[in-house]
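Read the structure below first, then the notes.
Number of protein chains: 2
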Amino acid sequence: MTSSNHKSTETLAKKIQFAVIGGGVIGGGWVARFLLMGSDVKIFDPDPEAPRKIDEVLSNARRSLPALYEHALPPEGSLSFVNSISEAVDGSDWVSECVPEQLKLKHSVMAEIQSHCPKSAIITSSTSGFKPSELQQGSDNPEQIIVAHPFNPVYLLPLVELVGNITTVDRAKAMLTSLGMFPLHVRKEIDAHIADRLLEAVWREGLWLINDDIATTQEIDDAIRFGFGLRWAQMGMFETYRVAGGEAGMAHFIAQFGPCLEWPWTKLMDVPELTDELIDKVAGQSDEQSGHYSIRELERLRDDNLISIMRGLKTQNWGAGELLNQFDKGLHKPLLDKNQSNTSLITVKRVIPADWTDYNQHMNESRYGQVFSDAADTVMIRVGADEDYIASGLSYFTVDCHIKYIEECKAGDDIYVASRISLAEGKKLKLAHQMCNVDGRVLAEADQLLVHVDLQARKSCMPSEEVLQRINKLAKQYGNSAGEIK
Amino acid sequence: MTSSNHKSTETLAKKIQFAVIGGGVIGGGWVARFLLMGSDVKIFDPDPEAPRKIDEVLSNARRSLPALYEHALPPEGSLSFVNSISEAVDGSDWVSECVPEQLKLKHSVMAEIQSHCPKSAIITSSTSGFKPSELQQGSDNPEQIIVAHPFNPVYLLPLVELVGNITTVDRAKAMLTSLGMFPLHVRKEIDAHIADRLLEAVWREGLWLINDDIATTQEIDDAIRFGFGLRWAQMGMFETYRVAGGEAGMAHFIAQFGPCLEWPWTKLMDVPELTDELIDKVAGQSDEQSGHYSIRELERLRDDNLISIMRGLKTQNWGAGELLNQFDKGLHKPLLDKNQSNTSLITVKRVIPADWTDYNQHMNESRYGQVFSDAADTVMIRVGADEDYIASGLSYFTVDCHIKYIEECKAGDDIYVASRISLAEGKKLKLAHQMCNVDGRVLAEADQLLVHVDLQARKSCMPSEEVLQRINKLAKQYGNSAGEIK
């Protein structure tokens with residue numbers, strides 16, 4: 058990197074002075090978010106363990122937050138541990154109060170903050186439950202104090218609920234947006250704001266289910282993460298139900314499902330009366346929120362989002378993604394079948410997913426590379442360089458790849474890859490692939506050079522005798538199955 | 058594709074006979090899941106609109122379900138619309154009852170199904186609320202009837218709650234697993250099973266928030282999808298709170314947060330008493346569920362999952378993903394700054410995310426292609442082939458790319474790309490890129506050939522005068538900035 062380039066990145070970071078009072082999970086999360094977005098932070102926490110705890114949160118944040126973006130974050134700000142609240146908030150633009158949820162304690166901390174910070178500073182409390190009016194008791198500059206309630210992990214999750222004076226909230230919104238967060242203005246103050254009220258409702262219901270031996274924590278979590286949790290990561294509850302209601306609309310959905318609310322399903326039965334007025338209100342707000350999409354459009358947006366989320370989880374082999382990976386193994390079997398065909402080695406057979414396309418409305422060039430990488434993986438398994446072989450410390454790395462893009466490819470297209478071994482020579486293995494549409498028309502060609510490696514030493518080495526023999530056998534059978542490339 | 062290959066794919070599909078009674082959103086979803094997994098389906102629905110409705114669900118399913126997998130699904134089964142329940146269930150292995158939520162109606166449908174289907178068939182109700190014992194009333198073969206409660210969209214979401222006779226449930230589990238679904242055995246029958254009890258709790262709380270003018274449907278949805286919805290798509294509620302509780306563990310978490318449950322936060326206040334017994338039960342179940350991971354491991358799993366989910370949403374430019382894309386634009390600015398450097402054209406500067414790595418524990422070869430594709434995008438914007446230009450119907454397509462892999466790259470690595478224009482000749486544009494680590498060591502090189510295209514005709518054409526001029530200017534400045542490749 059040239060220094061001039063570093064400099065232009067630095068100017069991106071708004072050099073705001075942040076102060077954090079209390080270095081627990083939430084305080085540490087704020088510290089990490091501020092620092093990694095390029096700002097300087099002063100923190101006060103009397104706990105001698107605070108530096109260690111903050112450091113642990115920071116190390117998690119450093120390995121994850123930058124990975125959300127396609128471009129580098131500004132250079133990290135500097136962190137100072139100070140010995141008092143007054144030292145921390147002196148000259149600050151923003152103060153995050155993150156002390157335990159005890160109103161008396163919060164009052165004394167707020168008084169200390171206000172008597173030492175600039176009049177222009179925004180003072181925020183991370184409280185999950187208290188209202189700004191409670192936090193402001195005894196203050197002679199109450200408008201300065203607002204609630205900015207973040208969600209764990211603060212360095213990754215975008216949501217911050219803002220409650221309090223509108224002028225201060227508007228300034229806080231701009232600040233949080235510049236940190237990559239999503240500020241949500243809670244317009245009327247209420248105990249526990251919005252999200253925690255919803256969370257408490259589920260938490261209570263969950264405790265009842267465990268208490269009554271209906272389900273375990275694992276079963277409840279599975280009921281969430283293999284089902285509606287996937288929906289809520291993208292549309293929340295009302296937009297999801299709008300789609301479920303179909304063309305008949307939201308009012309119809311409520312009319313249909315409303316009565317269930319009065320059935321004796323849960324322990325907690327105080328239900329708002331479903332007057333026409335309330336139904337119209339919900340339906341009207343839903344129109345305002347999503348009315349610019351037809352139900353069919355919303356269905357497809359929902360489906361594409363769900364696919365992208367689940368495909369993301371596939372890369373981590375977790376939850377719904379682990380389930381999909383397991384299922385994929387069965388689908389892959391026909392391609393691994395030694396008797397699949399006498400004329401060509403089919404190494405990939407799949408549909409192009411929507412998350413592989415780019416602004417030109419076709420499959421991104423890099424995803425052709427993915428298809429050919431997957432094709433090579435099938436060859437690997439066929440020649441015995443499989444999971445067990447890799448676990449034994451041996452594998453193949455690609456060292457050269459040349460792709461010729463012949464035709465465009467769109468989301469939903471069925472494609473397959475025919476592969477052959479064009480060279481097998483000791484550590485070296487050359488593969489030639491043709492990616493075709495269902496009619497056999499060639500869409501792209503690739504030449505790959507792979508080298509056999511020792512995974513421990515990360516250096517090239519000879520393959521096992523068995524792998525060499527299987528490569529030679531396969532090369533004999535499929536050496537000329539795909540058309541000559543170049 | 059050769060026909061022998063088709064055949065081996067077909068054998069994968071279990072040729073189970075499915076019958077669906079009722080073709081609404083849920084019935085249609087079952088039909089789609091069965092058909093696309095290769096099975097034959099008979100459906101009965103007296104509504105003359107049923108074929109149209111089913112066809113709409115099917116068309117959504119066809120464009121989405123196959124995209125979840127890296128391999129082709131088996132050939133689609135065949136769908137028959139029949140004129141009676143008896144015709145539908147004759148010879149069936151599995152019957153899905155999807156009629157409206159009226160117990161009387163369900164009783165008469167169940168009786169009709171049972172008198173015509175094989176004794177060995179599994180009869181499932183998709184009911185959201187009724188218990189198997191209610192559905193079985195009046196049946197002389199009650200064990201045959203179970204609840205199999207799926208979630209919309211049935212063709213994508215994995216969860217199915219199974220309630221009823223354990224032998225029948227076990228057979229149903231195997232069947233659903235073979236359809237790519239996640240069967241969850243609800244061990245004790247209860248109104249609304251597990252997930253809908255949690256959903257009802259949130260729905261009620263949401264209606265109160267709207268009724269009391271605290272929040273709109275949009276605000277509630279945002280509070281979910283920018284916050285805990287992202288958490289719940291991967292770990293659910295209890296595992297998430299276990300991580301939040303930190304090293305002190307789940308019992309500590311409950312002890313700390315339990316009292317809040319009794320605060321006057323919500324309209325619904327019946328809370329299970331937090332006896333030591335209940336706390337131990339929850340903590341013990343949580344140990345059982347997640348105790349094989351340390352908290353630090355769980356934090357990192359959670360973070361990697363959240364990143365993968367949000368990066369998935371980036372590809373759809375939706376919700377948290379849209380927010381990240383907006384933020385990325387600001388981060389990209391330094392690279393688009395015309396005065397960024399006099400010596401080299403830096404086109405990419407980023408961190409490698411965890412979802413870009415593969416089984417060799419390094420960045421997958423195709424992601425090098427992604428980095429170089431992004432590098433080309435930066436050049437495009439610099440020469441004026443930007444968003445507006447693309448909207449005007451002109452763009453560049455990559456037609457050839459040659460990558461040399463020199464060094465491995467791991468998740469978390471900081472990299473940059475230095476690019477130059479190696480050829481600018483009418484429609485043709487050649488770019489040469491070097492991907493380097495922070496110390497300037499070259500990790501990979503790429504030669505890309507791009508051709509200017511008319512996006513309407515999808516054919517090559519000449520670029521605009523302005524773009525040509527800017528390319529030439531850039532070529533003069535940076536023509537030799539990266540080392541000569543090959």
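These protein sequence lines are chains A and B, in that order.
Okay, so the first sequence: first residue is 58 according to the numbering used here, each after it adds one.
Okay, so the second sequence: first residue is 58 according to the numbering used here, each after it adds one.
Where is the CB? At the ideal position from N, CA and C, for every residue including glycine.
With respect to the beta strand (DSSP E) encompassing methionine 492 of chain A, which residues constitute its N-terminal and C-terminal limits? Locating residue 492 of chain A in the first sequence gives position 435, counting from the first residue. First-last of the beta strand (DSSP E) with methionine 492 of chain A: 485-494.
Could you give the distance in angstroms between the alpha-carbon of cysteine 466 of chain A and the alpha-carbon of histidine 419 of chain A? The residue you call residue 466 of chain A lines up with position 409 of the first sequence. The residue you call residue 419 of chain A lines up with position 362 of the first sequence. Roughly 6 Å separates the two Cα atoms.
Close beta carbons around leucine 555 of chain B, own chain, < 6 Å, minus the five adjacent residues each side | In the structure as shown, chain B begins at 58 and stops at 543. Residue 555 of chain B is therefore absent and cannot be evaluated.
Per DSSP, tyrosine 462 of chain A forms a beta bridge with which residues? As a first step, residue 462 of chain A must be located in the first sequence, where it is residue number 405. In DSSP, tyrosine 462 of chain A forms a bridge with A:Ala501.
| message | Helix, strand or coil for histidine 389 of chain A? Go by DSSP, reduced to three states. | response | If you number the first sequence from 1, residue 389 of chain A lands on position 332. Residue state, collapsed to three classes: helix.
Next item on the list: Compare the C-alpha of glycine 378 of chain A against each of B:Asp471, B:Ala312 and B:Pro215 and name the closest.
Entry: For this step, residue 378 of chain A is matched to residue 321 along the first sequence. That would be B:Pro215, whose Cα lies nearest to the Cα of glycine 378 of chain A.
At the level of alpha carbons, what is the spacing between glutamate 257 of chain B and aspartate 150 of chain A?
By one-based count along the second sequence, residue 257 of chain B stands at place 200. By one-based count along the first sequence, residue 150 of chain A stands at place 93. Cα to Cα, the separation comes out at about 42 Å.
Whose C-beta lies closer than 6 Å to the C-beta of serine 137 of chain A among residues of the same chain, with five residues either side of it excluded? Reading the first sequence from its first residue, position 80 is the one you call residue 137 of chain A. Shown here for serine 137 of chain A: same chain residues with a beta carbon closer than 6 Å to its own, the five before and five after excluded, namely Lys99 in chain order.
* Applying a beta-carbon distance threshold of less than 7 Å, which residues of chain A neighbour proline 410 of chain B? -> Working through the second sequence from its first residue, we reach residue 410 of chain B at position 353. For proline 410 of chain B, the neighbours in chain A by C-beta distance under 7 Å run, in chain order, Ala124.
Integer Cβ distance of arginine 357 of chain B from leucine 393 of chain B, believed to fall under 8 Å = Along the second sequence, one-based indexing puts residue 357 of chain B at 300. Along the second sequence, one-based indexing puts residue 393 of chain B at 336. So it is not a contact: roughly 34 Å between Cβ atoms.
According to DSSP, simplified to helix, strand and coil, what is lysine 110 of chain A? Numbered from its first residue, the first sequence carries residue 110 of chain A at position 53. The DSSP-derived three-state label of lysine 110 of chain A is helix.
| Would you call the CB atoms of valine 474 of chain B and alanine 432 of chain B closer than 7 Å? | Here the question's residue 474 of chain B lines up with position 417 in the second sequence. Here the question's residue 432 of chain B lines up with position 375 in the second sequence. With contacts defined by Cβ atoms closer than 7 Å, valine 474 of chain B and alanine 432 of chain B form a contacting pair.
Close-in-space but distant-in-sequence residues of the same chain around tryptophan 413 of chain B (CB under 8 Å, 5 per side omitted): In the second sequence, residue 413 of chain B corresponds to position 356, counting from 1. Correct list, in chain order: Met420, Asn421, Arg424, Gln427 and Ala468.
Q.
Any beta carbon from chain A within less than 7 Å of serine 521 of chain B's own beta carbon?
A. Taking the second sequence and counting its residues from 1, the one referred to as residue 521 of chain B is at position 464. So, not an interface residue.
Is the shortest distance between the beta-carbon of threonine 323 of chain B and the beta-carbons of chain A less than 7 Å?
Taking the second sequence and counting its residues from 1, one reaches residue 323 of chain B at position 266. With a pLDDT of 47 at threonine 323 of chain B, under the threshold of 50, the modelled position of that residue is not reliable, and the figure given next carries that caveat. Yes, threonine 323 of chain B lies at the interface with chain A (some Cβ there is under 7 Å from its Cβ).
Within its chain, find whatever has a CB closer than 6 Å to the CB of asparagine 382 of chain A; leave out the 5 residues flanking it on each side and keep chain order. Stepping through the first sequence from its first residue, residue 382 of chain A is reached at position 325. Excluding residues up to 5 positions away in sequence, Lys371 and Asn374 lie with their Cβ nearer than 6 Å to the Cβ of asparagine 382 of chain A in the same chain.
Collapsed DSSP secondary structure at serine 423 of chain B in the structure displayed: The residue given as residue 423 of chain B occupies position 366 in the second sequence. In the structure shown, serine 423 of chain B sits in a helix (DSSP, three-state: H, G or I).
TODO: Output the distance between the C-alpha atoms of proline 132 of chain A and leucine 93 of chain A, rounded to the nearest integer angstrom.
DONE: By 1-based counting over the first sequence, the position of residue 132 of chain A is 75. By 1-based counting over the first sequence, the position of residue 93 of chain A is 36. One C-alpha to the other measures close to 7 Å.
Q. If you follow the beta strand (DSSP E) that serine 365 of chain B is part of, which residue opens it and which one closes it?
A. As a first step, residue 365 of chain B is located in the second sequence; it is residue number 308 there, counting from the start. Going by DSSP, serine 365 of chain B is part of no beta strand (DSSP E) but of the alpha helix (DSSP H) stretching over 352-373.
For this session: Could you check what DSSP says for tyrosine 473 of chain A in three-state terms: helix, strand or coil?
Result: Counting from 1 along the first sequence, the entry for residue 473 of chain A is found at position 416. Strand at tyrosine 473 of chain A.
(message) Counting only C-beta atoms, is histidine 389 of chain A closer than 7 Å to chain B at any point?
(response) By one-based count along the first sequence, residue 389 of chain A stands at place 332. Closer than 7 Å to some Cβ of chain B, the Cβ of histidine 389 of chain A qualifies, so yes.
Secondary structure of arginine 407 of chain A, DSSP reduced to three states:
In the first sequence, residue 407 of chain A corresponds to position 350, counting from 1. Secondary structure at arginine 407 of chain A: strand, using DSSP grouped into helix, strand and coil.
| Quick one: what's glutamine 74 of chain B bridged to in DSSP? | In the second sequence, residue 74 of chain B corresponds to position 17, counting from 1. When DSSP reads this structure, glutamine 74 of chain B sits in a beta bridge with B:Asp97.
Using the rule of at least 16 other Cβ atoms within 10 Å of the residue's Cβ for burial, across every protein chain shown, is valine 259 of chain A buried or exposed? Within the first sequence, numbered from 1, the residue matching residue 259 of chain A stands at position 202. Buried, because 16 or more other Cβ atoms sit within 10 Å of the Cβ of valine 259 of chain A.
Taking only the alpha-carbon atoms, compute the straight-line gap between arginine 254 of chain A and aspartate 269 of chain A and give it to the nearest angstrom. Here residue 254 of chain A corresponds to residue number 197 of the first sequence, with the count starting at 1. Here residue 269 of chain A corresponds to residue number 212 of the first sequence, with the count starting at 1. Those two C-alpha atoms are separated by around 23 Å.
Nearest chain B C-beta to glutamate 422 of chain A closer than 7 Å, yes or no?
Position 365 of the first sequence holds residue 422 of chain A. At least one chain B Cβ lies under 7 Å of glutamate 422 of chain A.
Measuring CB to CB, does phenylalanine 75 of chain B end up less than 7 Å from phenylalanine 91 of chain B? To locate residue 75 of chain B, count along the second sequence from 1; it is residue 18. To locate residue 91 of chain B, count along the second sequence from 1; it is residue 34. It is a contact, given that the beta carbons lie within the stated cut-off.
Exercise for the section: Locate the alpha helix (DSSP H) running through phenylalanine 295 of chain A, then write down its first and last residues. Expected result: On the first sequence, position 238 is the one that residue 295 of chain A refers to. Bounds of the alpha helix (DSSP H) holding phenylalanine 295 of chain A are 295-302.
Taking the beta strand (DSSP E) that threonine 181 of chain A falls in, what are its first and last residues?
In the first sequence, counting from the first residue as 1, residue 181 of chain A sits at position 124. 179-182 is the extent of the beta strand (DSSP E) around threonine 181 of chain A.
Is the Cβ of arginine 254 of chain A closer than 7 Å to any Cβ of chain B? By 1-based counting over the first sequence, the position of residue 254 of chain A is 197. For arginine 254 of chain A, the answer is yes, since a Cβ of chain B falls inside 7 Å of its Cβ.
Say whether the stretch 199-214 of chain B touches the stretch 233-245 of chain A, bearing in mind that this needs 3 or more beta-carbon pairs closer than 8 Å, one atom from each stretch. The stretch 199-214 of chain B is not in contact with the stretch 233-245 of chain A.
> So, is methionine 294 of chain A buried or exposed, given that buried needs 16 or more other C-beta atoms within 10 angstroms?
Replying inline: Here residue 294 of chain A is taken as the residue at index 237 of the first sequence, counted from 1. Around the beta carbon of methionine 294 of chain A, 16 or more other beta carbons sit within 10 angstroms, so the residue counts as buried.
message = Quick check on the burial criterion: 16 or more other C-beta atoms within 10 angstroms. Buried or exposed for threonine 184 of chain B?
response = Residue mapping note: residue 184 of chain B aligns to position 127 of the second sequence, counting from 1. Residue environment analysis places threonine 184 of chain B among the buried positions, since at least 16 neighbouring C-beta atoms fall within 10 angstroms of its C-beta.
Looking at isoleucine 78 of chain A and isoleucine 142 of chain A, is the spacing between their C-beta atoms short of 7 Å?
Position 85 of the first sequence holds residue 142 of chain A. Position 21 of the first sequence holds residue 78 of chain A. Isoleucine 78 of chain A sits close to isoleucine 142 of chain A, with the two beta carbons spaced by under 7 Å.
For proline 240 of chain B, the first and last residue of its enclosing beta strand (DSSP E): In the second sequence, the residue the question calls residue 240 of chain B occupies position 183. Residues 239-242.
* Identify whether aspartate 227 of chain B lies in helix, strand or coil by the three-state DSSP scheme. => Numbered from 1 along the second sequence, position 170 holds the residue referred to as residue 227 of chain B. Correct three-state label for aspartate 227 of chain B: helix.
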